[in-house]
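**Student:** Numbering (the numbering used here), first residue to last: 77 to 691. Quick reminder that beta carbons are idealized off the backbone N, C-alpha and C, glycines included.
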């Protein structure tokens with residue numbers, strides 16, 4: 077007997093529902109579904125975070141690219157458990173508690189009997205989002221635990237059927253957010269489901285060899301997705317997560333079937349196989365350079381997506397506004413997560429700090445909403461965002477002398493103002509460099525300067541040379557602005573602090589031989605003495621090796637120092653290693669070169685070079 081013939085029959089019925097589908101497409105899908113029944117589908121070796129979207133830009137992404145700021149909400153049975161199981165505290169991602177503690181599915185089911193979030197108020201959540209300047213909201217309809225936070229007819233493991241709450245909070249939230257003009261969407265874990273024998277991920281209860289992933293998709297995943305796309309009005313986003321169990325053709329069939337229900341809804345890239353409508357980067361990841369097209373960075377407000385009672389590491393309003401500016405300066409959206417507790421309360425600091433962020437956006441939102449990536453690359457003072465005829469300077473690190481330098485201004489500047497007060501500022505332009513004196517800081521978090529101009533501003537990233545100035549305590553030369561030769565290469569290293577608390581650092585790696593080199597070019601604006609530090613990670617086996625730094629026609633030797641081994645499940649430790657004090661006698665463009673002295677093991681994983689002025 078063919079295991080997945082039910083899937084074939086189900087999908088044949090799906091074809092009959094679309095009588096206008098052209099004959100050729102019917103035949104192609106028919107043949108595909110026939111052959112898909114012959115081979116039992118197993119989990120594909122897919123990147124956990126598929127960051128690739130379809131090559132053709134979806135015309136419906138216009139609102140998304142203008143929105144810039146979204147709210148993610150992780151809410152489920154794990155919120156009731158709050159990071160604790162059998163009196164043991166678990167750290168990291170609270171929504172993964174069932175997996176971390178290897179809780180049997182039957183035992184986990186019993187949590188639903190005590191899940192009664194009577195403090196949930198959809199209008200209050202929507203009001204908070206509005207006050208915070210949020211433009212779209214995505215909430216977990218079903219996470220990996222398998223529990224549906226809505227009224228699903230497909231399963232009994234739902235908030236309506238299995239909990240004393242016995243109501244559908246998603247219906248109320250969908251209506252409340254739309255009344256506030258906020259785009260609404262659902263998160264859905266399409267493959268991982270620790271509650272189901274045929275779902276992905278649960279290997280402590282169910283044998284992997286016995287799983288039938290296509291049966292799971294047919295009987296639960298696809299029917300629940302259809303419910304969500306049919307019963308909750310127009311959805312701005314369907315946020316898929318953790319692809320698996322389907323090949324590319326099957327994923328395409330899933331995407332086509334869901335898009336037939338909501339053609340304008342945007343599907344996240346984690347639907348898999350490069351078939352999403354926009355790109356979602358890894359958890360807590362911002363690309364090092366601007367990315368064109370629609371994309372998004374997702375971050376937690378503290379260290380966990382789901383509520384953990386002992387996780388109090390909340391990002392401050394200053395950290396949120398600076399993160400938002402950094403993401404927008406690369407051309408993307410920030411979707412910041414909050415994790416309500418098991419009673420339906422949003423954490424006190426999430427509510428307080430989001431509202432404070434909204435107040436900053438009330439005055440500075442013009443520099444975020446509807447912007448594109450900054451045509452002036454990151455400078456020691458901060459980052460920029462752009463609009464036609466306007467450049468916005470986000471002052472994340474104001475200079476000590478109050479004077480900033482903005483390179484690459486090839487246009488006719490018509491005015492410079494402080495955005496929150498519209499105060500006009502005096503400025504000077506010389507050799508396509510804008511110079512201006514900053515007014516006293518009036519923003520609580522970071523100030524924004526608006527530069528108005530006529531003409532077409534050049535894209536400064538094409539010929540970007542970082543600036544080094546004595547006006548800053550530290551001048552960081554990130555490796556993304558360097559050039560590598562030989563076998564040396566640029567690599568993004570992903571690792572975690574707590575379980576699932578992901579970090580991403582771009583480094584130069586594979587420097588093994590003297591010809592494996594990295595070179596930095598930078599513009600020094602003030603002469604003087606500078607201490608040079610190398611920021612790197614170095615395992616035990618690479619420690620005590622000799623490296624060479626060449627700068628300004630001089631050679632400096634250093635010996636590497638041990639920090640930590642690199643593994644994705646543990647913190648990666650970086651050291652700021654002072655290797656030389658140098659004197660720069662005149663302003664100008666300089667180069668700095670690093671390489672191993674001899675053929676050896678990898679020298680280190682280089683994160684940045686730091687020049688610290690000595691006053």
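When the Cα atoms are used, what is the spatial distance from residue 590 to residue 672?
**Tutor:** 5 Å
**Student:** According to DSSP, residue 544 sits in a beta bridge with which residue or residues?
**Tutor:** Bridge partners of residue 544 according to DSSP: 600.
**Student:** Please report whether the beta-carbon of residue 309 lies at a distance below 9 Å from any beta-carbon of chain D.
**Tutor:** Here there is only one protein chain, and chain D is not present.
**Student:** Three or more C-beta pairs closer than 8 Å, one from the region 607-616 and one from the region 675-684: is that the case here?
**Tutor:** yes
**Student:** Between the beta-carbon of residue 593 and the beta-carbon of residue 688, is there less than 9 Å?
**Tutor:** Taking 9 Å as the Cβ cut-off, residue 593 and residue 688 do not qualify as a contacting pair.
**Student:** Please tell me whether residue 141 and residue 212 are closer than 9 Å, where the distance is taken between their beta carbons.
**Tutor:** no
**Student:** Could you tell me the alpha carbon to alpha carbon distance between residue 262 and residue 249, rounded to whole angstroms?
**Tutor:** 11 Å
**Student:** Closest to residue 133 by C-alpha separation, out of 145, 235, 231, 345, would be which residue?
**Tutor:** 345
**Student:** Along the chain, which unbroken stretches of the alpha helix (DSSP H) at least 4 residues long are found entirely within the region 182-248?
**Tutor:** 198-207
**Student:** Going by CA-CA distance only, name the one from 661, 492, 509 that's closest to residue 501.
**Tutor:** 492
**Student:** So, using beta-carbon positions, are residue 526 and residue 495 closer together than 9 Å?
**Tutor:** yes
**Student:** If you follow the alpha helix (DSSP H) that residue 385 is in, where does it begin and where does it stop?
**Tutor:** Here residue 385 belongs to no alpha helix (DSSP H), and DSSP marks it neither H nor E.
**Student:** Measure the Cβ-Cβ separation of residue 364 and residue 499 and say whether it is below 9 Å.
**Tutor:** no
**Student:** By Cβ distance below 6 Å, which residues in the same chain neighbour residue 634 in space, the five residues on each side in sequence not counted?
**Tutor:** 623, 655
**Student:** Would you decide whether residue 257 is buried or exposed? Buried here means 16 or more other CB atoms lie within 10 Å of its CB.
**Tutor:** The residue is exposed, with fewer than 16 neighbouring Cβ atoms inside 10 Å.
**Student:** Sorted by chain position, which residues of the same chain lie with C-beta nearer than 7 Å to residue 667's C-beta, five sequence neighbours on each side aside?
**Tutor:** 595, 596, 597
**Student:** Between which two residues does the alpha helix (DSSP H) containing residue 530 stretch?
**Tutor:** Careful: residue 530 lies outside any alpha helix (DSSP H), inside the beta strand (DSSP E) at 523-530.
**Student:** Report the residue from 230, 194, 203 whose alpha carbon sits nearest the alpha carbon of residue 242.
**Tutor:** 194 is the residue among 230, 194, 203 whose C-alpha sits nearest the C-alpha of residue 242.
**Student:** Hey, residue 145 and residue 342: beta-carbon distance below 9 Å or not?
**Tutor:** No; because the gap between Cβ atoms is not below 9 Å, this pair is not in contact.
**Student:** Do residue 188 and residue 239 have their C-beta atoms closer together than 9 Å?
**Tutor:** yes
**Student:** If we ignore side chains and look at the alpha-carbon of each, how far apart do residue 148 and residue 314 end up?
**Tutor:** 12 Å
**Student:** Output needed for residue 427: all residues of its chain with C-beta closer than 7 Å, excluding positions within five of it in sequence on either side, in chain order.
**Tutor:** 204
**Student:** So, at 7 Å on beta carbons, what are the nonlocal neighbours of residue 631 in its own chain, with the 5 sequence-adjacent residues on each side left out?
**Tutor:** 624
**Student:** Would residue 336 pass as a contact of residue 354 if the rule is Cβ separation under 9 Å?
**Tutor:** no
**Student:** Look at the alpha carbon of residue 306 and the alpha carbon of residue 251, and state the distance between them as a whole number of angstroms.
**Tutor:** One alpha carbon belongs to residue 306, the other to residue 251, and they sit about 14 Å apart.
**Student:** Would you mind reading off the limits of the beta strand (DSSP E) that contains residue 444?
**Tutor:** Where residue 444 is concerned, there is no enclosing beta strand (DSSP E), given that its DSSP letter is neither H nor E.
**Student:** Hey, out of 451, 478, 561, 152, whose CA is closest to residue 421's CA?
**Tutor:** 152
**Student:** I'd like to confirm the pairing. Which residues does DSSP put opposite residue 630 in its beta bridges?
**Tutor:** 627
**Student:** Does the beta-carbon of residue 648 have 16 or more other beta-carbons within 10 angstroms, so that it is buried, or is it exposed?
**Tutor:** Residue 648 comes out buried.
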